[in-house]
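Input: a single structure, listed below in structure tokens.
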Amino acid sequence: MKSLRFILLFFCITAIAACEKDKLEGDMSILIGTWNWTETYEVSNYCDADSLWNYQLIDSTHANNRYALEFLEKGKVIFYTNDAIIWKERITFESKNVMGYGPYAYHFVILLNNNANNKMDVWVGQDSLLLNDFPKDTDDNCSGMFNHFIRQ
532 MKSLRFILLF FCITAIAACE KDKLEGDMSI LIGTWNWTET YEVSNYCDAD
582 SLWNYQLIDS THANNRYALE FLEKGKVIFY TNDAIIWKER ITFESKNVMG
632 YGPYAYHFVI LLNNNANNKM DVWVGQDSLL LNDFPKDTDD NCSGMFNHFI
682 RQ
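Here's what the structure looks like:
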């Protein structure tokens, strides 16, 4: 009987932890809403700290696909391609930093589904959002894709 209680308690704690997400309150509420992709900067020499970045601009007006993000107040993000949902993830914040300069007021590191191996770097301001590796990404460690969105 004691082992049954222990197993039940273990499953309850696991279920509660698995549902962890952060509501978008306070500074984090700046993310709430729908963000549409406008352009991507593909940096080919991301690892070379001693030089200026070489980049290629990929503009949404010449792309075949449309991408969007929707951050919900209850702590979820929905990814869209051409108005179809790609996936919907719970979000938890690993870090929150106030930038205080440029078009981006905040830098957040978000864990999708509370998974440390599935991080999303977000720089956000009142009407601009920058993501590293969504919607366009690269498998090369020394290349980077910086994707710019504007608030709908």
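Using the working numbering, the first residue of the sequence shown is number 532, and each one after it goes up by one. Backbone N, C-alpha and C fix where the C-beta goes; we use that ideal spot for every residue, glycine too. All of these numbers come straight from a predicted model, not from anything done at the bench.
Next on the checklist: Using C-beta distances below 7 Å, list every residue in its chain close to Thr545, excluding the 5 sequence neighbours before and after it, in chain order.
Outcome noted: Here Thr545 scores only 43 on pLDDT, less than 50, and its place in the model should not be relied on; the value that follows carries that caveat. Nothing meets the Cβ criterion.
Next on the checklist: Closest to Gln657 by C-alpha separation, out of Pro634, Ala594, Met630 and Leu583, would be which residue?
Outcome noted: Pro634
Checklist entry - Would you say Lys619 and Lys552 are within 8 Å of each other, going by their C-beta atoms? => result no
Checklist entry - Which residue from Asn672, Ile641 and Val655 puts its Cα closest to that of Thr565? => result The residue from Asn672, Ile641 and Val655 with its alpha-carbon nearest to that of Thr565 is Val655.
Checklist entry - Residue range of the beta strand (DSSP E) that Arg528 falls in? => result Absent from the model: residue 528. The displayed extent of the chain is 532 to 683, so no value can be given.
Checklist entry - Going by C-alpha distance, which of Asp579, Asn646 and Leu588 is nearest Phe677? => result Leu588
Checklist entry - For Leu588, which beta-bridge partners are listed by DSSP? => result Tyr572
Item to check | Reference Asn585; option with closest CA among Leu600, Cys673 and Ile561 | outcome: Cys673
Item to check | Span of the beta strand (DSSP E), counted from its first residue to its last, around Ile684 | outcome: This structure gives no information on residue 684, because the portion of the chain shown stretches from 532 to 683.
Checklist entry - Should Thr571 be labelled buried (16 or more other beta-carbon atoms within 10 Å of its own) or exposed? => result The C-beta of Thr571 has 16 or more other C-beta atoms within 10 Å across all chains shown, which makes the residue buried.
Next on the checklist: For Met651 and His638, what's the separation of their Cα atoms in angstroms?
Outcome noted: 11 Å
Next on the checklist: Could you compute how far the alpha carbon of Ser753 sits from the alpha carbon of Arg682?
Outcome noted: With the chain covering 532 to 683 only, the question about residue 753 has no answer from this structure.
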